[in-house]
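Below is one structure, written out as structure tokens; the observations come after it.
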Amino acid sequence: MQKLEVFGGNKLKGQIKISGSKNASLPILAATLLSNNRIILKNLPKVGDIETMLTLLQSLGSKIKINKEQIIIDNTKQQKNFASYNLVKTMRAGILVLGPLLAKFGFAKVSLPGGCAIGTRPVDIHLKAISKLGVKYKIHQGYVIANAPKGLKGNNIHFSKISVGATENLIIAASLAEGTTILSNCAIEPEIKDLVNFLNKIGCKIKWKSKRTIKIIGVSKLKEISYSVMFDRIEAGTYLIAAAVTEGNLKIQNIIPKIIKTEIDILKKIGSKIIVKKNEVQIIGNKKIKSMKIKTAPYPGFPTDLQAQIMVLLCRANKSSIIQENIFENRFMHVAELNRMGAKILTNGNKALVKGNINFAPAELMATDLRASVSLILAALTSKGKSVINRIYHLDRGYENIEKKLKKVGAKIRRVN
Ligand code: UD1
């Protein structure tokens, strides 16, 4: 099994180009199933979760051609409507094929994604909402078996809780439903706006009516298009924090700074100097890091996907900080590993008390999930000596060329077998 060796102590300096967004690419790839045409997608990141989604699409009958700069998805042949456990178990976003398959065929059998390290991650909100479009479903042997005998019918649907995935599944399904659908209490993550932009470009009729309400008029014909996916705001946030924690100086490029305003404002408060340009943010880390109280929240709040990374930075602050995790019930697994490196973090329910003034010590470490893995790299980058990070397949699910990008800005990091 591959590991990463990190020799810490260097300040990161230079430029990093941010890749396409994994979390925007996944629903857009699922949404291509609506089409009977060819769709060209650009700027997809080369990461494990995207490979899994492409394999899932192929298993459903899509023909996929991968070129250097673009991926061509050809759905001109009849598709299947069975998404197997083997493909959905490794990636929760597999459930996103339920909406488009039901919209296109009126029947789908899709494996339940199952639990994952950061929480139980149920799909009840997806299922409850989709049933309001005229879908009957049952759960049988770990599969959702769903059908809409009369086709999908538009409806007014209010989400009881904000869910990124459920909002995406419903937007996609309602795009081909008969009549009008109004979705309220929607998630408004930038990746959802990217999905809506993509769907409107292929011919769907989707409009934002107010901050969390979307109106969708079902259509029956879609166009052949080419679409470039937005940048990965979590990758951008991770490298901003990498610069802050190593007291480095990085230019984060190929981004739209206003999308990550919350993160920029917090890093400024923590003490980093930040210069915002049109498609770039430069960050200059400060020796003095101020303590903070941070709560994760749906967009535009602070993202749960950056909680582990910001925790590493707050371990270096001048005083104690508090982090409150409001999205997932079990997203502090990185705490035990960070404490093994000398951190003093105490958790109580969804709160973590993060003691400051920590100098991380190198250690042999175990990655537990995607964002936890990257937080261990950040801590290792500050500690003088060699750290070894095991189980890095988590990292490869979501970060494109991470060692290459970090090496280019001065990190000593290498992959070993
Ligand atoms: C997406 C992101 C993930 C991010 C998360 C929150 C992708 C591929 N993944 O995940 O990186 O951390 O948003 O920003 O885009 N919930 C239910 N029932 C449901 C659905 C969700 O109880 O049917 C709960 C979840 O357990 C969680 C919360 O709602 O506690 C939010 O989850 P959700 O927004 O749905 O996250 P994902 O779409 O899975």
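Position one of the sequence shown corresponds to residue 85 (this note's numbering), numbered consecutively onward.
Heads up, the beta-carbon is just placed ideally off N, CA and C, and yes, glycines get one too.
My assumption, with CB atoms under 8 Å, is that residue i sits in contact with residue j. Please give the rounded CB distance.
{"i": "residue 111", "j": "residue 256", "result": "7 Å"}
{"i": "residue 100", "j": "residue 493", "result": "6 Å"}
{"i": "residue 446", "j": "residue 92", "result": "7 Å"}
{"i": "residue 190", "j": "residue 145", "result": "Not really, about 16 Å apart at Cβ, beyond 8 Å."}
{"i": "residue 88", "j": "residue 378", "result": "Not quite, the Cβ-Cβ distance comes to about 27 Å (not below 8 Å), so this is no contact."}
{"i": "residue 108", "j": "residue 314", "result": "5 Å"}
{"i": "residue 155", "j": "residue 128", "result": "6 Å"}
{"i": "residue 408", "j": "residue 435", "result": "5 Å"}
{"i": "residue 171", "j": "residue 139", "result": "6 Å"}
{"i": "residue 368", "j": "residue 333", "result": "5 Å"}
{"i": "residue 448", "j": "residue 472", "result": "5 Å"}
When we look at the beta-carbon of residue i and count the other beta-carbons within 10 Å, is it buried (16 or more) or exposed?
{"i": "residue 478", "result": "buried"}
{"i": "residue 360", "result": "exposed"}
{"i": "residue 85", "result": "exposed"}
{"i": "residue 310", "result": "exposed"}
{"i": "residue 432", "result": "exposed"}
{"i": "residue 430", "result": "exposed"}
{"i": "residue 219", "result": "buried"}
{"i": "residue 305", "result": "exposed"}
{"i": "residue 244", "result": "exposed"}
{"i": "residue 249", "result": "buried"}
{"i": "residue 461", "result": "buried"}
{"i": "residue 443", "result": "exposed"}
{"i": "residue 233", "result": "exposed"}
{"i": "residue 160", "result": "exposed"}
{"i": "residue 263", "result": "exposed"}
{"i": "residue 402", "result": "exposed"}
{"i": "residue 469", "result": "exposed"}
{"i": "residue 298", "result": "buried"}
{"i": "residue 387", "result": "buried"}
{"i": "residue 194", "result": "buried"}
{"i": "residue 268", "result": "exposed"}
{"i": "residue 253", "result": "buried"}
{"i": "residue 437", "result": "exposed"}
Between which two residues does the alpha helix (DSSP H) carrying residue i extend?
{"i": "residue 249", "result": "248 to 258"}
{"i": "residue 132", "result": "132 to 143"}
{"i": "residue 212", "result": "208 to 215"}
{"i": "residue 116", "result": "Neither: residue 116 is in no alpha helix (DSSP H) and is coded neither H nor E."}
{"i": "residue 398", "result": "391 to 399"}
{"i": "residue 417", "result": "417 to 424"}
{"i": "residue 459", "result": "454 to 466"}
Quick one: is the Cβ of residue i within less than 8 Å of any heavy atom of the ligand MG?
{"i": "residue 411", "result": "With respect to the ligand MG, the structure offers nothing, as its ligand set consists of the ligand UD1."}
Checking the sheet assignment: what are the DSSP bridge partners for residue i?
{"i": "residue 122", "result": "158"}
{"i": "residue 432", "result": "435"}
{"i": "residue 221", "result": "230"}
{"i": "residue 311", "result": "125"}
{"i": "residue 408", "result": "379 and 435"}
{"i": "residue 88", "result": "473 and 499"}
{"i": "residue 109", "result": "Residue 109 is not bridged to any residue."}
{"i": "residue 301", "result": "264 and 289"}
{"i": "residue 448", "result": "472"}
{"i": "residue 104", "result": "315"}
{"i": "residue 167", "result": "194"}
{"i": "residue 237", "result": "262"}
First and last residue of the beta strand (DSSP E) that includes residue i?
{"i": "residue 365", "result": "364 to 368"}
{"i": "residue 499", "result": "496 to 500"}
{"i": "residue 486", "result": "Taken as a continuous stretch (DSSP letters only), residue 486 belongs to no beta strand (DSSP E), being part of the alpha helix (DSSP H) at 486 to 492."}
{"i": "residue 147", "result": "147 to 150"}
{"i": "residue 240", "result": "240 to 242"}
{"i": "residue 99", "result": "97 to 101"}
**Report entry** Whole alpha helix (DSSP H) elements within the stretch 170 to 199, 4-residue minimum
**Finding:** Counting only runs of 4 or more, we get 182 to 189.
Query raised in the report: Quick one: complete beta strand (DSSP E) runs, 3+ long, within the stretch 316 to 361?
Result: Whole beta strand (DSSP E) segments, 3+ residues: 333 to 337 and 357 to 360.
Report task. Within the stretch 256 to 297, note down every full alpha helix (DSSP H) run reaching 4 residues or more, in order along the chain. Result -> Runs of the alpha helix (DSSP H) inside the stretch 256 to 297: 274 to 285.
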